[in-house]
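Each residue of the sequence shown is one higher than the one before, counting from 39 in our numbering.
We put the beta carbon where it would ideally sit given N, CA and C, even for glycine.
What follows is a set of notes on a single structure, which appears directly below.
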Amino acid sequence: MDFAVSDKMKTILEMVNEFVDRELIPLEPAFAASSFKEMLPILREKQKKVKQMELWAPNFPKDCGGLGLSLVDHGLLSEALGRTPLGHYVFWCQAPDAGNVEILHLHGTSDQKEKFLNPLVAGEIRSCFSMTEVDMPGSNPVLLETTAVKDGNDYVINGHKWYTSSADGANFAIVMAVTNPEAPEYMQASMIIVPTETKGFNLVRNIPVMGHAGDDYFSHGEILYQSCRVPQSNLLGPEGYGFIMAQERLGPGRIHHCMRWLGICQRSYELMCRRANNRIITRDGKPLASRQIIQQWVAESAAEIQAARLMTLHAAWRIDNEGVKAARDDISMIKFVVANTMQRVVDRALQVHGGLGMTDDTILAFFFRHERAARIYDGADEVHKVSLARRLLKPYQ
Ligand SMILES: Cc1cc2nc3c(=O)[nH]c(=O)nc-3n(C[C@H](O)[C@H](O)[C@H](O)COP(=O)(O)OP(=O)(O)OC[C@H]3O[C@@H](n4cnc5c(N)ncnc54)[C@H](O)[C@@H]3O)c2cc1C
Numbered sequence: 039m040d041f042a043v044s045d046k047m048k049t050i051l052e053m054v055n056e057f058v059d060r061e062l063i064p065l066e067p068a069f070a071a072s073s074f075k076e077m078l079p080i081l082r083e084k085q086k087k088v089k090q091m092e093l094w095a096p097n098f099p100k101d102c103g104g105l106g107l108s109l110v111d112h113g114l115l116s117e118a119l120g121r122t123p124l125g126h127y128v129f130w131c132q133a134p135d136a137g138n139v140e141i142l143h144l145h146g147t148s149d150q151k152e153k154f155l156n157p158l159v160a161g162e163i164r165s166c167f168s169m170t171e172v173d174m175p176g177s178n179p180v181l182l183e184t185t186a187v188k189d190g191n192d193y194v195i196n197g198h199k200w201y202t203s204s205a206d207g208a209n210f211a212i213v214m215a216v217t218n219p220e221a222p223e224y225m226q227a228s229m230i231i232v233p234t235e236t237k238g239f240n241l242v243r244n245i246p247v248m249g250h251a252g253d254d255y256f257s258h259g260e261i262l263y264q265s266c267r268v269p270q271s272n273l274l275g276p277e278g279y280g281f282i283m284a285q286e287r288l289g290p291g292r293i294h295h296c297m298r299w300l301g302i303c304q305r306s307y308e309l310m311c312r313r314a315n316n317r318i319i320t321r322d323g324k325p326l327a328s329r330q331i332i333q334q335w336v337a338e339s340a341a342e343i344q345a346a347r348l349m350t351l352h353a354a355w356r357i358d359n360e361g362v363k364a365a366r367d368d369i370s371m372i373k374f375v376v377a378n379t380m381q382r383v384v385d386r387a388l389q390v391h392g393g394l395g396m397t398d399d400t401i402l403a404f405f406f407r408h409e410r411a412a413r414i415y416d417g418a419d420e421v422h423k424v425s426l427a428r429r430l431l432k433p434y435q
């Protein structure tokens, strides 16, 4: 395999890094102090610039208006964007929309593509993905309580979901609901498109997460589906294929998360090194960086980030070249390795900043709060380890 960066990608990465440094990082103090809705006008201005640079929707397929980058190339770009919490949103490759675009592109009817996919890729609307339920274990998603029952030409959906990220302000949700409780376990559920304006789609609240309920794109919704009626033509893909399609969505989706986390690692590492060099801790002018324990954190962080980066690029390369199924073990490995690498690196960077690290005067406290969830969503660490180990042990039985 070859991870040499093409000339085209080198140019793109230079442009993106410069844009992040010049246009987005300076917005972070305002981002920390205001609601996301208040940030929207300025973010839309930045998005216009991204479109002018012809870097809009870098990972989305060309035939629906994206740049069509391979996963490896998008990985490199995503690391650059992940250096700020605003990067993916401004370049329009953010979760959960990125996964929903993939599903709609692969499984949407031409009508669904026109109504939902095209405006989504164009950035005219947003979407959310509604699978996890309040009363059922998300780690075993076949145990769903939400049902979609046929009535005339419609489905009538009832259920109680939460952690439907970015539901606030979204135009539609892709909802996972049981359409046939008698079918084999993995064929019971389907994906159904539910416009959020539908009667019976009730956003109860944005859940407070680590002290912040957030709003708009930066939020996690609790939703009650109460006799929520949508036409059967809103079924996505074949009935009963919800879990199969979710697996397809989660493969590249996990790569996207890991790549973004690497950007967070890199930014935290840069902040840590700068602070270690500049913080004078003795009367005779010695910096924090003169201490071995800090040097050890710097060296370990650099090595761990590079190891995580290469594992992620390798998994992306396998998906690009051999498909999601062949890369299953690699995807499980990076999901917990990169999430934990990020947690360690952010924690060390915060520690090096002392009291400053706990404030919102740097981005580190934001990373620390928001990215703890990385070890839980899209498969908790333990779930990935257990299923990976099961597959690894098999040949030795
Ligand atoms: C910030 C954030 C954003 C999210 N966004 C979305 C979204 O947009 N859409 C959506 O549908 N969902 C979303 N989720 C939900 C997420 O996918 C679930 O939280 C996750 O699947 C875990 O499910 P659970 O919370 O029900 O935990 P549970 O299933 O109750 O598991 C709790 C813990 O038990 C342990 N555990 C569980 N099973 C096993 C096992 N087999 N072996 C060993 N240990 C085990 C793990 O440590 C796990 O963390 C989000 C979650 C978070 C935190």
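Assigned exposure category for PRO290 - 16 Cβ within 10 Å defines buried: Indexing the sequence shown from 1 puts residue 290 at position 252. PRO290 comes out buried.
Residue from ARG429, ARG428 and ARG287 whose Cα sits closest to the Cα of VAL139: Taking the first residue of the sequence shown as 1, we reach residue 139 at position 101. Closest by C-alpha distance to VAL139, out of ARG429, ARG428 and ARG287, is ARG287.
Neighbour-count burial assignment, MET229, 16 or more Cβ in a 10 Å radius: In the sequence shown, the residue the question calls residue 229 occupies position 191. By the 10 Å Cβ count, MET229 comes out buried.
Pair within 9 Å by beta-carbon distance, MET225 and PHE167: On the sequence shown, position 187 is the one that residue 225 refers to. On the sequence shown, position 129 is the one that residue 167 refers to. No, these two residues do not count as a Cβ contact at 9 Å.
Counted within 10 angstroms of its Cβ, other Cβ atoms place ASP173 as buried (16 or more) or exposed: Locating residue 173 in the sequence shown gives position 135, where the first residue counts as 1. Counting of Cβ neighbours within 10 angstroms places ASP173 among the exposed residues, the total staying below 16.
Which of helix, strand or coil DSSP assigns to ARG312: The count along the sequence shown starts at 1 and reaches residue 312 at position 274. It is helical.
Proximity below 9 Å, CB of ALA42 to CB of GLY103: Here residue 42 refers to the residue found at position 4 of the sequence shown. Here residue 103 refers to the residue found at position 65 of the sequence shown. Against a cut-off of 9 Å, the Cβ pair of GLY103 and ALA42 comes out as no contact.
PRO123 classed as buried or exposed, judged by whether at least 16 other C-beta atoms fall within 10 angstroms: Residue mapping note: residue 123 aligns to position 85 of the sequence shown, counting from 1. It counts as buried.
Simplified DSSP state of PHE98, which is helix, strand or coil: Indexing the sequence shown from 1 puts residue 98 at position 60. DSSP, reduced to helix, strand and coil, places PHE98 outside both helices and strands of the structure shown, so it counts as coil.
CB-CB length for GLY275 against HIS145, believed under 8 Å: Within the sequence shown, numbered from 1, the residue matching residue 275 stands at position 237. Within the sequence shown, numbered from 1, the residue matching residue 145 stands at position 107. A Cβ-Cβ distance of about 4 Å is found for the pair GLY275 and HIS145, placing them in contact under the 8 Å criterion.
Where the beta strand (DSSP E) containing ILE319 begins and where it ends: Mapped onto the sequence shown, residue 319 falls at position 281. Following the DSSP letters along the chain, one finds ILE319 in no beta strand (DSSP E), marked with neither H nor E.
Limits of the unbroken alpha helix (DSSP H) element including SER116: Start at 1 with the first residue of the sequence shown, and residue 116 comes out as number 78. Note, SER116: alpha helix (DSSP H), 109 to 119.
Check: ASP419 C-beta below 8 Å from any heavy atom of ligand 1: Against the sequence shown, residue 419 aligns to sequence position 381. Here the distance from the Cβ of ASP419 to the nearest heavy atom of ligand 1 is below 8 Å.
VAL424 classed as buried or exposed, judged by whether at least 16 other C-beta atoms fall within 10 angstroms: As a position in the sequence shown, residue 424 is number 386, starting the count at 1. Counting other Cβ atoms within 10 Å of its Cβ, VAL424 stays below 16 and is therefore classed as exposed.
Proximity test, CYS166 beta-carbon vs ligand 1 heavy atom, cut-off 8 Å: Position 128 of the sequence shown, counted from the first residue, corresponds to residue 166. Correct: CYS166 has its Cβ closer than 8 Å to ligand 1.
Paired residues, beta bridge with ASP189 - DSSP: As a working mapping, residue 189 is identified with position 151 in the sequence shown. DSSP, once it has assigned bridges, lists ASP192 as partnering ASP189.
Distance, VAL232 Cα to SER177 Cα: Here residue 177 is taken as the residue at index 139 of the sequence shown, counted from 1. Here residue 232 is taken as the residue at index 194 of the sequence shown, counted from 1. Using only the alpha carbons, I get a separation of about 24 Å.
Whether LYS89 touches LEU65 by CB criterion (9 Å): Within the sequence shown, numbered from 1, the residue matching residue 89 stands at position 51. Within the sequence shown, numbered from 1, the residue matching residue 65 stands at position 27. Annotated as distal: LYS89 and LEU65, with beta-carbon spacing of 9 Å or more.
Closer than 8 Å: ILE416 CB and nearest ligand 1 heavy atom: The residue you call residue 416 lines up with position 378 of the sequence shown. It should be pointed out that residue 416 corresponds to Asp in this sequence rather than to Ile. Result yes, Cβ under 8 Å from ligand 1.
Contact between the region 175 to 191 and the region 244 to 258 (3+ Cβ pairs under 8 Å): Not touching, per the Cβ criterion.
Contact test: ALA215 Cβ vs ligand 1 heavy atom, cutoff 8 Å: As a first step, residue 215 must be located in the sequence shown, where it is residue number 177. The answer is no for ALA215.
ASN178 beta carbon near ligand 1 (any heavy atom closer than 8 Å): Locating residue 178 in the sequence shown gives position 140, counting from the first residue. True, at least one ligand heavy atom lies under 8 Å from that Cβ.
Rounded distance between the beta-carbons of MET297 and GLY113, thought under 8 Å: Translated into the one-based positions of the sequence shown, residue 113 becomes position 75. Translated into the one-based positions of the sequence shown, residue 297 becomes position 259. With 8 Å as the limit, GLY113 and MET297 qualify as a contact, their Cβ atoms being about 4 Å apart.
Strand pairing of ARG243, partner residues [DSSP]: As a first step, residue 243 is located in the sequence shown; it is residue number 205 there, counting from the start. Its beta-bridge partners are GLU260.
Heavy atom of ligand 1 within 8 Å of SER370 beta-carbon: Against the sequence shown, residue 370 aligns to sequence position 332. No; taking the cut-off as 8 Å, the Cβ of SER370 has no heavy atom of ligand 1 nearer than that.
Cutoff 8 Å; reference LEU430; Cβ partners in own chain excluding five residues on either side: For the purposes of this step, residue 430 is taken as residue 392 along the sequence shown, with counting starting at 1. Apart from sequence neighbours up to five positions away, the residues of its chain that approach LEU430 with a beta-carbon distance below 8 Å are ASP367, ordered along the chain.
Collapsed DSSP secondary structure at VAL424 in the structure displayed: Position 386 of the sequence shown, counting from 1, holds the residue named residue 424. If DSSP states are grouped into helix, strand and coil, VAL424 belongs with the helices.
For SER370, the first and last residue of its enclosing alpha helix (DSSP H): Stepping through the sequence shown from its first residue, residue 370 is reached at position 332. Boundaries of the alpha helix (DSSP H) around SER370: 366 to 390.
Helix, strand or coil at TRP130 [DSSP, three-state]: Translated into positions along the sequence shown, residue 130 becomes position 92. In this structure, DSSP gives TRP130 a state outside helix and strand, which the three-state scheme calls coil.
Residue of GLU360, ALA354, ILE372 and GLN304 minimising C-alpha distance to ILE343: Counting from one through the sequence shown, the residue named residue 343 turns up at place 305. Cα-wise, what sits closest to ILE343 is GLN304.
Host beta strand (DSSP E) of ILE401 (start-end): The sequence position of residue 401 within the sequence shown is 363, counting from 1. Unbroken run through ILE401: none, as it is neither H nor E.
Close Cβ partners of PRO99 (< 7 Å) along its chain, the five nearest in sequence each way excluded: Locating residue 99 in the sequence shown gives position 61, counting from the first residue. Once the five neighbours on either side are set aside, the close Cβ partners of PRO99 are GLY106 and HIS143.
beta-carbon THR184 near ligand 1 non-hydrogen atom, thresh 8 Å: Taking the first residue of the sequence shown as 1, we reach residue 184 at position 146. Outside the cutoff, so no.
Beta-carbon proximity check, ASN191 vs PRO79, cutoff 9 Å: Numbered from its first residue, the sequence shown carries residue 191 at position 153. Numbered from its first residue, the sequence shown carries residue 79 at position 41. In this structure, ASN191 keeps its C-beta atom at 9 Å or more from the C-beta atom of PRO79.
Beta carbon of ILE212 nearer than 9 Å to that of ILE141: In the sequence shown, counting from the first residue as 1, residue 212 sits at position 174. In the sequence shown, counting from the first residue as 1, residue 141 sits at position 103. Going by beta carbons, ILE212 and ILE141 fall inside the 9 Å limit.
Same chain, Cβ closer than 6 Å to MET39, five either side skipped, listed in chain order: Mapped onto the sequence shown, residue 39 falls at position 1. So the qualifying residues of the chain are TRP355.
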